[in-house]
Amino acid sequence: MSDQQLIKEIISGNSTAFRTLMERYQQQVFRVVMGYLHAKEDAEDLTQEVFIRVYEMLHTFHGEAAFSTWLYRITLNMSLNQLRKNKKKRLLQSLDTIFNRGSSDKTPLEMLEREEQDREIRAAIDALPEKQRMAFVLSRYEELPQKQIATIMNRTEGAVEQLLQRANEKLRKKLQSP
Amino acid sequence: MKMMKREHLVDELIRRERATESNPFLASRVMAEIERRSDRAGRRVPIWQSVVLAGTIVAVVFLGITIGSSYSERPTAGMSLNINDGQIENLGYYNFIDHEQND
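The listed protein sequences derive, respectively, from chains P and X.
Going by my numbering, the first sequence opens with residue 1452, and the numbers climb by one from there.
Going by my numbering, the second sequence opens with residue 448, and the numbers climb by one from there.
Right, dumping it as C-alpha cells:
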C-alpha cells in the first residue's frame, strides 16, 4: 500500500494504517533524531512525539511534497526545538553515559578515552550552525542524496553542497584545535 | 595522519549511532499514547458548555442583585392594619391566679 493510500485510510479513521506507516518510517525518524540528541532514550521519546504530531497534523498534509519530505521537516523542526529545551540536560547526559557504559573488551582507560573522543566529536557536531547541521545530519546519519536534502530544506542542490562543505570544514577545524 | 584518525573517529561515532536500533515496541507505545490522548480529548467538556454555565451564573448573580436592590423597608402608603378585636376572647379569663382569687 502506498503512503498516500495509507494516509487516506488513517484520515478515514483506520488507526492500524497509522501503525503500518509508522513502522515504515520509524527507523528513519529515529536516526535523524539520534543525529541531534545522541542518546537512545531521548531519541525514542522524541520519535514518539514526532509521530504523535504527525498523526494530529495528517489532515494538513495535502501531498504537494512526498510524505517522507514532510515527515523529515517535522522531525528536524522538533529536534531543533528539543535541543533548545535540552541545553541544561546535557551535563547530566554525559555523566550518565560515563557511568552506564556497557561491558566491552576494552580496558577502563581505553573506554574512558573513547568516551572522551565521542564527547568531543558530539560537541563539534552540536556546535555546527543550524542549517549546516541539518544538511550534515541528513547526509551522514540518513545518507540521503543531496537532491532530497535540497527538497527537504527548500534549497538548491548547490546550496546544500556548500552547507555540507562548510560543515565538514568546521568540524575538521574544531577537532584539530586542542 | 592525526586528522585522518579524527575523521575516522567521526565516521565511527556516526556508524555506531546509526546502528542504534529503536525500541521494537515504539509503535505500540505511540498507538497507546494516541488512544490515551484522544480519550482525554473526548472526555473534555466542550467550550460552549463552559460558556453557557458561566453565563448562567452571571445571570443568576445579576438577577439576585437586581431583586435585592429593588426591596425597600418603607411601608406602602395608604395601607393600614385594621383588626376588629371585639370578638376575640379575653385571654385574662384563663389567668389561673386571677381565677383562684375570684373563688
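By construction, the Cβ of each residue, glycine as well, lies at the ideal position given by its N, Cα and C atoms.
Exercise. If we call anything under 7 Å between Cβ atoms a contact, is serine 1468 of chain P one with phenylalanine 1481 of chain P?
Worked result: The residue given as residue 1468 of chain P occupies position 17 in the first sequence. The residue given as residue 1481 of chain P occupies position 30 in the first sequence. The displayed chain sequence assigns alanine, not serine, to residue 1468 of chain P. No Cβ-Cβ contact shorter than 7 Å links alanine 1468 of chain P with phenylalanine 1481 of chain P.
Problem set entry | Whole-Å CB distance - threonine 1471 of chain P paired with leucine 1488 of chain P, under 8 Å assumed | The count along the first sequence starts at 1 and reaches residue 1471 of chain P at position 20. The count along the first sequence starts at 1 and reaches residue 1488 of chain P at position 37. Not really, about 26 Å apart at Cβ, beyond 8 Å.
For this session: Please name the residue, chosen from P/Gly1464, P/Ile1462, P/Met1585 and P/Leu1615, that lies closest to valine 1483 of chain P on a Cα-to-Cα basis.
Result: Position 32 of the first sequence, counting from 1, holds the residue named residue 1483 of chain P. Taking only the C-alpha atoms, the option nearest valine 1483 of chain P is P/Met1585.
Problem set entry | Cutoff 6 Å; reference glutamate 1571 of chain P; Cβ partners in own chain excluding five residues on either side | The count along the first sequence starts at 1 and reaches residue 1571 of chain P at position 120. Taken in chain order, the list of residues that qualify is empty.
Problem set entry | Extent of the continuous alpha helix (DSSP H) to which methionine 1452 of chain P belongs | One-based indexing of the first sequence puts residue 1452 of chain P at position 1. Element bounds for methionine 1452 of chain P: n/a, residue is neither H nor E.
Exercise. What does phenylalanine 1518 of chain P touch in chain X if you count any residue whose Cβ is under 9 Å from its own?
Worked result: Numbered from its first residue, the first sequence carries residue 1518 of chain P at position 67. By Cβ distance, chain X contributes nothing, its closest Cβ being about 17 Å from phenylalanine 1518 of chain P, past 9 Å.
Problem set entry | Proximal residues, the segment 1462-1489 of chain P versus chain X, C-beta separation under 8 Å | Using a CB distance below 8 Å, the part of the segment 1462-1489 of chain P facing chain X consists of Ser1466, Phe1469, Arg1470, Met1473, Glu1474, Gln1477, Gln1478, Phe1481, Arg1482, Met1485, Gly1486 and His1489, ordered along the chain.
For this session: Whole angstroms is fine: what's the gap from alanine 1574 of chain P's alpha carbon to glutamate 1594 of chain P's?
Result: Here the question's residue 1574 of chain P lines up with position 123 in the first sequence. Here the question's residue 1594 of chain P lines up with position 143 in the first sequence. Roughly 21 Å separates the two Cα atoms.
Problem set entry | Alpha carbon of leucine 460 of chain X to alpha carbon of asparagine 1619 of chain P, nearest angstrom | Locating residue 460 of chain X in the second sequence gives position 13, where the first residue counts as 1. Locating residue 1619 of chain P in the first sequence gives position 168, where the first residue counts as 1. Those two C-alpha atoms are separated by around 15 Å.
Problem set entry | serine 519 of chain X: contacting residues in chain P (beta-carbon distance under 7 Å) | Counted from its first residue, the second sequence places residue 519 of chain X at position 72. Chain order gives no chain P residues near serine 519 of chain X, where near means a beta carbon separation below 7 Å; the closest approach is about 60 Å.
Exercise. Where does serine 469 of chain X land, buried or exposed, given buried means 16+ other C-beta within 10 angstroms?
Worked result: Start at 1 with the first residue of the second sequence, and residue 469 of chain X comes out as number 22. Residue environment for serine 469 of chain X: buried (at least 16 other C-beta atoms within 10 angstroms of its C-beta).
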